[in-house]
Every structure is written in C-alpha cells, then in structure tokens.
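*Asks:* Encoded as structure tokens, here's the structure I'll be asking about.
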C-alpha cells in the first residue's frame, strides 16, 4: 500500500501531544516537564522525540505523554509477529503514547497510544505502511457511568469508518489488555487496533486521527467528576495494590514496551508508563459486597458497555 507522508504524520502527532498535555496541565495546575531527546550517531536506532512528564501534581501523581520518531535497520520480532516477510527489514516508526496515573483512587488510570510504522521489504519494493492505536480505562473503583461514557466516545470516533470497527476493536482491546497469568482483565477496556491498513493509507491514517482526537472527550469528564471525591487510607492502599497489576501487564505482555526495548529505544521514555508507587501482596482478600469486591465481579470482566 502507498505510505502516508511521514512529515504529515509527525506534525499531527506533535500537535496531538501538545493539545493533550495542555489540557491536562490546565486541570492539574502544574506544567509538564519537557525532555527533548535524540539518539546518538552510531546507535542501533536513530531518531528523536519529546517526553513530557508531570509528577507530584494536584490531580495526577504521574502523567507521561511521549512522542517518538525513530528509524532502524532491523524490524524487531515484536513488530513483525504478524508480518514474517518483513522480519529484519529497515523500518521507521513514530507515535504518541501516554499513561496518566491520578492521585485520587476514584479516578481511573488511562492509557492511549497511536502510531504509524513503515518498513521496506528486504527483497525490494515500496515501503509498507500500517497504523495502530487505541485507548483503555483502568479503574480502581468502578462506576458504570464512567465506563459507558468512555466506550460511547470510542464508538462515536470509529463510526465514520464503518459500523464494524467499534465491536471489532472493543473485542481486540478486551483480548489484548488481559493478564494471562492472572486470568484477569486489566480494566474496563476501550478500543485497540494494530497492523491496520485495510482502509488504504489515507483513510487508515484518518481513522487513527479520529481515535486520537477523541481522547480528551473520553477521559477528562471522568477526571472532573471523580477528582475531588473524598478517600482514605483504605482506598489508597487498594489503589497501590491494583497498580501492581498495571506494572505486571506492561512488563510481561505489552508489545509496545517490548518493541521499544528490543529496538534499542530510550528506556526512561519507554517506562514512563510505570506508576510512581505500587505494591504487591501475597494474598489480598476483599470484603464480600464491598466496592473493592465489585471491581472484580463487575468491572474486570468483559462487558458490552454501549
């Protein structure tokens, strides 16, 4: 398929990063620290990016939003799993990835990632271009109205590109953000797609843009509703325990983390999704009928939210 102009994609992604970090700064009252970086000549991966990080904020304990644009000579296994003909091919990848860890346990953690990857077949021929992305919500204390709102926005963002997209990508998200070693969903899901090019280059890029542009409308109303809810030591302790599950998924199962580390990416930027604090317990029973118990019975299960 014909590739989209990388400069057009790069401009969109940098603008997206700025819009999101600006909106989050306005809610939190603190600015993101900007860390521009570039890979040194001679390294296995070439390119540059901007990591934006907000820590110890009033609303967000840690919020990371990173842009990266890199080139390499050998496509790593995590990116060629479904495209064996491109294994080891020269590639170019760019994207925006974010994870926001709120301070209040009643505000869910959120993740979003949108990206483009292009590779040149080793046997010759034009570059092959595809897109990926999505967003998902991970509550510590679940509320039906929050999950419904999040999914409604995701569905509306995908509607212009076919009525099949939301149910397909919702199921894909449920299947992807699943802790296989725990037999447990990471959260209430959202939408997820990868290796996507079936609409052609321009329309596939447009779909990625539609998902990315809907993020603030999907998440910020939930933050505004929950950020001032009173909580105590019990809620905070449970939040830190559940954050441990988030760390487990990112390190054990997440293809994006594996791609970044396998391709020689910038470790601090790759791992900015980690929460500042998390905890683990050998056994952690919850009280029957409690709000904590409802997280497992009502929210860490696959449900049709819209």
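Numbering (this note's numbering), first residue to last: 610 to 915. Using N, Cα and C, we set each Cβ at its ideal position, and we do this for glycine too.
1) Taking the alpha-carbon positions, what's the residue 725 to residue 677 distance?
2) For a quick check, are the C-beta atoms of residue 699 and residue 718 less than 8 Å apart?
3) So for residue 884, helix, strand or coil by DSSP?
4) In three-state DSSP terms, what is residue 711?
5) Skipping 5 residues on each side, what residues in its chain have a beta carbon closer than 7 Å to that of residue 647?
6) Decide if residue 635 is buried, meaning its Cβ has at least 16 other Cβ atoms within 10 Å, or exposed.
7) What does DSSP give as the partner residue(s) for residue 722 in the beta ladder?
8) Taking the continuous alpha helix (DSSP H) assigned at residue 784, which residues delimit it?
9) Would you kindly check if the distance between the Cβ of residue 887 and the Cβ of residue 852 is under 8 Å?
10) Have a look at residue 739 and residue 770 and give me their C-alpha separation to the nearest angstrom.
11) Taking the straight line between their C-alpha atoms, what separation do you get for residue 749 and residue 841?
12) Use the C-beta contact count for residue 835: other C-beta atoms within 10 angstroms, 16 or more gives buried, fewer gives exposed.
13) Would you decide whether residue 792 is buried or exposed? Buried here means 16 or more other CB atoms lie within 10 Å of its CB.
14) Taking 8 Å as the cut-off, decide whether the C-beta atoms of residue 705 and residue 669 are in contact.
15) Quick one: what's got a C-beta closer than 7 Å to residue 808's C-beta in the same chain, skipping five residues either side?
*Replies:* The relevant details are as follows:
1) C-alpha of residue 725 to C-alpha of residue 677: approximately 11 Å in a straight line.
2) Using a Cβ distance threshold of 8 Å, residue 699 and residue 718 do not count as a contacting pair.
3) In the structure shown, residue 884 sits in coil (DSSP, three-state: anything other than H, G, I, E or B).
4) Correct three-state label for residue 711: strand.
5) For residue 647, where only same-chain residues beyond five positions count, the Cβ hits under 7 Å are 657.
6) Burial check for residue 635: the Cβ neighbour count within 10 Å stays below 16, so the residue is exposed.
7) Note: residue 722 is bridge-paired with 706 and 743 in the DSSP secondary-structure output.
8) For residue 784, the enclosing alpha helix (DSSP H) begins and ends at 774-785.
9) The answer is yes: Cβ separation under 8 Å.
10) The straight-line gap separating the alpha-carbon atoms of residue 739 and residue 770 is approximately 16 Å.
11) Residue 749 and residue 841: Cα-Cα distance of roughly 14 Å.
12) By the Cβ neighbour-count rule, residue 835 is buried, with 16 or more other Cβ atoms within 10 Å of its own.
13) With fewer than 16 Cβ atoms within 10 Å of its Cβ, residue 792 is classed as exposed.
14) Result no, Cβ atoms of residue 705 and residue 669 do not sit closer than 8 Å.
15) The residues are 770 and 816.
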